[in-house]
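Down below is the structure, laid out as structure tokens.
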Amino acid sequence: MRVRQVVFLASSLIALITIISVLSLFEYRLMPHFRNMEIALVGRSAQQVHNMMLNDLKILNTRLASLTKWDLAYEYSRGSIAPEQFEEDSLNDAALDAGDFDVYIWVNGAGEIIFARYRQPDGYVDYGPLPDYFSGWLKPGGVLIPKDPMRSIDGYLNIDGNPALVASVPVVPHSYEVDTPGGRVIGMTYITEPVINVVRNFTGINILLIKNDAENEAQVAEWVKLADRDGIYLFPETDSRYAFVITPPDLAGEPVFAVIGRIPRDIGQTAAGVRKFVFLVLGLCLLLCFLTFIGFLELALMRPLVGIRRAVLKIKEDGPEQQTMLVPAGLSEFRDLSNSINDMVHTVRDEQAKVVAAAEANRAKSEFLASMSHEIRTPMNGVLAVTELLSEENLTDRQKDYVNTIAESGHTLLTIINDILDLSKLEAGKIELESLSLDMKTIIDSVINLLGPAAQKKGLELAANYEPGTPRHFLGDPGRIRQVLVNLVGNGVKFTQEGYVHIDVETSEDNELIVSVKDTGIGVSEEARERLFQKFEQAGLDTTRKFGGTGLGLAISKRLVEIMGGEMWLESVLGKGSTFYFRLRLPLAEHFPTADELAAKPVRSKRPTFKGSLLVVDDNAVNRMVAARMLEKLGNVVATAENGREALTCMEESGYDVVFMDCQMPELDGYEATRMQRRKESETSCGHQIIIAMTANAMAGDREKTLEAGMDDYISKPFKIDDMVNVLARFLPPGPERD
8 MRVRQVVFLA SSLIALITII SVLSLFEYRL MPHFRNMEIA LVGRSAQQVH
58 NMMLNDLKIL NTRLASLTKW DLAYEYSRGS IAPEQFEEDS LNDAALDAGD
108 FDVYIWVNGA GEIIFARYRQ PDGYVDYGPL PDYFSGWLKP GGVLIPKDPM
158 RSIDGYLNID GNPALVASVP VVPHSYEVDT PGGRVIGMTY ITEPVINVVR
208 NFTGINILLI KNDAENEAQV AEWVKLADRD GIYLFPETDS RYAFVITPPD
258 LAGEPVFAVI GRIPRDIGQT AAGVRKFVFL VLGLCLLLCF LTFIGFLELA
308 LMRPLVGIRR AVLKIKEDGP EQQTMLVPAG LSEFRDLSNS INDMVHTVRD
358 EQAKVVAAAE ANRAKSEFLA SMSHEIRTPM NGVLAVTELL SEENLTDRQK
408 DYVNTIAESG HTLLTIINDI LDLSKLEAGK IELESLSLDM KTIIDSVINL
458 LGPAAQKKGL ELAANYEPGT PRHFLGDPGR IRQVLVNLVG NGVKFTQEGY
508 VHIDVETSED NELIVSVKDT GIGVSEEARE RLFQKFEQAG LDTTRKFGGT
558 GLGLAISKRL VEIMGGEMWL ESVLGKGSTF YFRLRLPLAE HFPTADELAA
608 KPVRSKRPTF KGSLLVVDDN AVNRMVAARM LEKLGNVVAT AENGREALTC
658 MEESGYDVVF MDCQMPELDG YEATRMQRRK ESETSCGHQI IIAMTANAMA
708 GDREKTLEAG MDDYISKPFK IDDMVNVLAR FLPPGPERD
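The opening position of the sequence shown corresponds to residue 8 in the working numbering, with each subsequent residue numbered one higher.
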């Protein structure tokens, strides 16, 4: 794609991103602010209406109290004065109109109704028999006659299907000192359209009263569920207005009516208009900037770039040795670029000849190394074969020393020859990898068995830790993997005078196999690490003189790992040791001999048997099964457990001669399970349970850690049946030997 098209698309993309960013800013930062302002405005309006209705209840209570808090009213309620005279003087139509109630009910101290009137267009009339729902309200402890005779009540009730404001006020003398209850006066005012209109006019909000009757019962109930604790529910009714619903409960806690108010969405409409204006202005500005930028790009940048491109293509077609670029007109930066390209063409011309000569020399060297390695390897194989035959003859001690010296020297020389041959194959690109089923743990065990004597001779600990849960069986080249491990572990043994060489195997989060070889040797300085993986290079001349070697092993190992699709790297501290890592992504093998198949093979050597009752504790099913089979082959009765908690239960229910306890397990690990068992033994009279640590950790200090936890002995994974024999022989009497 041409530069002009790329720049045009990039500019368009930047403009689009700018528009989207501003839109997102407006939509997700500013618009929510406007919406919150709308909601706050509606909420304040709803609260204003709600407060005014609550204020009406307070006024109702106050007006009713003017009839009750005086001595004659108290005497009237007690029946101490003539009721006819009091009713004629104080409860006439004029007095009742002053209170402006639709219903008056007067109850004496005994809870009996002594006065009941309701308003008609031509005045107040006797209520007559009260409806049944009044009986529930007026009984002692009802919503209008509370247990506390001095308590005032105001709220809402549904009377004859109509919502009403209700107040219930106790009758007391002016001194508030009462000998007996003075009864109560109950006043009720229906909430009608004139009442709602007063609220509407005072607040300036268009509100509507909805009765909680059969027609509206379901809708009112839904609003009650959506309302907050004040009984207010806010919602956008349309794009142009918000609405609020007030659902106050009655004195019994049930919704009695709903009030709907509607508020125009002036703020939201204003915000939408501002948004349209902002985007219109932004679009025009971006368009103007875009056109200006395109014009500048075409005149000041594109024409010089096109000239440079044509010249570079000409150099590509004719070759650097045939073409020198002409300097085009344009900005000073383009002239400098053209001059730099001219200089680079001349440099490339000179270096090209050098590269061709170096490549030819390297090819000749690789062919020579491959040929010489092969020619030397052929007679060396004969030397080693004869040496092996001689070692099986009846030789004198001096002759055996001569044969061993020949064998050791031959194997050392063969290792060097193999390195040279591998190097030549790598440089010639002739390394071919196999794809076979392999057991990674078996490969590591073979490396340890191969290099174990050398490590033991130097007093080094050589061990492996195969992380639990890590797959063992893969498809790959077992010979090359073993070659890499032999080189890394061999270097660790070579360059370590005291301490250990450890191999760790685990898998990463993306299922890559990670192998590390850690030693406590001489370490590698930071400046030496850069050349350590190069051919014929070691950490320094003193290293070569002291430890020997060609410096090929690490270079070959790193290249082999890369050919297998992995990588190798190093972490080291000078004087404290090194850790070499390599990672491989190998497919899992579909079939490999199972532990049952391997355990089924006959044991050729004779070994003692035991008649013990044993418990194997391991969270890994395969490890648990393999250990149990080994111990059963030795004549024992074996039980198993999956974790430390289950092991404690088994030891409590049954007695065992020996417990083989894994150290790292879920729920309860082997260390803590052993500590709990030892505490139990110290607190009770039960005998000492023999517990053998069985762990994949073979690091320095792991044995001491198991002994500190109270375990009796230690066996490291991977273990062999002979390892089991050696441990059991310390705690159980042996039986007859078995083939």
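We put the beta carbon where it would ideally sit given N, CA and C, even for glycine.
So residue i is in the beta strand (DSSP E); what residue range does that whole segment cover?
i, result
"tyrosine 721", "720-723"
"glycine 162", "160-166"
"glutamate 91", "Counting along the chain, glutamate 91 falls outside any beta strand (DSSP E), though it belongs to the alpha helix (DSSP H) covering 90-97."
"asparagine 223", "Element bounds for asparagine 223: n/a, residue is neither H nor E."
"glutamate 244", "239-245"
"tyrosine 111", "110-114"
"leucine 638", "From DSSP, leucine 638 is part of no beta strand (DSSP E) but of the alpha helix (DSSP H) over 628-640."
Note down the Cα distance separating residue i from residue j, rounded to an integer number of angstroms.
i, j, result
"proline 741", "serine 532", "54 Å"
"alanine 228", "alanine 265", "10 Å"
"phenylalanine 617", "leucine 539", "53 Å"
"methionine 706", "glycine 662", "Bear in mind that a pLDDT of 49 at methionine 706, under 50, signals an unreliable position, so the model cannot answer this."
"alanine 607", "asparagine 643", "Low confidence applies to alanine 607: its pLDDT is 46, below 50, so where it sits in the model is not reliable, and the reading given next is rough at best. Cα to Cα, alanine 607 sits roughly 17 Å from asparagine 643."
"leucine 48", "tryptophan 230", "20 Å"
"threonine 527", "lysine 640", "39 Å"
"arginine 51", "aspartate 63", "18 Å"
"valine 580", "lysine 464", "25 Å"
"valine 496", "leucine 445", "19 Å"
"leucine 320", "arginine 356", "16 Å"
"threonine 277", "serine 247", "11 Å"
"arginine 384", "methionine 718", "Low local confidence applies: a pLDDT of 47 at arginine 384 is under 50, so the model's placement there is unreliable, and no value is given."
"serine 692", "arginine 631", "30 Å"
"alanine 546", "glutamate 534", "For alanine 546, the pLDDT reaches just 49, beneath the cut-off of 50, and the residue's location in the model is therefore unreliable, leaving the point undetermined."
"isoleucine 120", "tryptophan 113", "6 Å"
"isoleucine 510", "alanine 716", "25 Å"
"leucine 289", "proline 243", "30 Å"
"threonine 586", "serine 31", "51 Å"
Mark residue i as exposed unless 16 or more other C-beta atoms lie within 10 angstroms of its C-beta, in which case mark it buried.
i, result
"threonine 354", "exposed"
"cysteine 670", "buried"
"glutamine 6", "Since the first and last residues shown for the chain are 8 and 746, residue 6 lies out of range."
"alanine 17", "exposed"
"alanine 221", "exposed"
"alanine 634", "buried"
"valine 252", "buried"
"tyrosine 140", "exposed"
"isoleucine 24", "exposed"
"valine 206", "buried"
"arginine 80", "Checking the sequence, you will find alanine at residue 80 rather than arginine. Classification of alanine 80: buried, given that the 10 Å Cβ count is 16 or more."
"glutamate 200", "exposed"
"lysine 525", "buried"
"aspartate 517", "exposed"
"glutamate 45", "buried"
"aspartate 720", "buried"
"asparagine 472", "buried"
Which partner residues of residue i appear in the DSSP bridge assignment?
i, result
"arginine 70", "DSSP output for arginine 70 lists no bridge partner at all."
"aspartate 669", "Met701"
"valine 512", "Tyr473, Val522"
"proline 256", "Pro262"
"phenylalanine 481", "Leu445, Leu595"
"tryptophan 576", "Tyr588"
"glycine 2", "The requested residue 2 is not part of the displayed model; the chain covers only 8 to 746."
"tyrosine 197", "Ala171"
"tyrosine 140", "None, per the DSSP bridge assignment."
"glycine 651", "DSSP output for glycine 651 lists no bridge partner at all."
Verify the contact flag: residue i, CB atom, against every heavy atom of the ligand SAM, threshold strictly below 6 Å.
i, result
"asparagine 115", "Looking for the ligand SAM in the displayed structure turns up nothing, as the structure carries no ligands at all."
Using C-beta distances below 6 Å, list every residue in its chain close to residue i, excluding the 5 sequence neighbours before and after it, in chain order.
i, result
"arginine 70", "Gly106"
"alanine 174", "Leu67, Asn68, Leu71, Asp161, Gly194"
"asparagine 99", "none"
"valine 522", "Val512, Phe589"
"proline 180", "Asp78, Tyr81"
"glycine 582", "Gly530"
Within a Cβ cutoff of 7 Å, which residues of the same chain sit near residue i, ignoring the five residues on either side of it in sequence?
i, result
"leucine 216", "Ile198, Ile203, Phe264, Val266"
"valine 454", "Arg489, Leu492, Val493, Val496"
"glutamate 94", "Phe122"
Beta-carbon within less than 8 Å of residue i's beta-carbon, same chain only, minus the 5 sequence neighbours each way: which residues are those?
i, result
"threonine 187", "Arg85, Gly116"
Which residue comes first and which comes last in the alpha helix (DSSP H) that contains residue i?
i, result
"methionine 731", "728-738"
"isoleucine 563", "560-570"
"leucine 759", "Beyond the ends of the chain as shown, which are 8 and 746, falls residue 759; an answer cannot be given."
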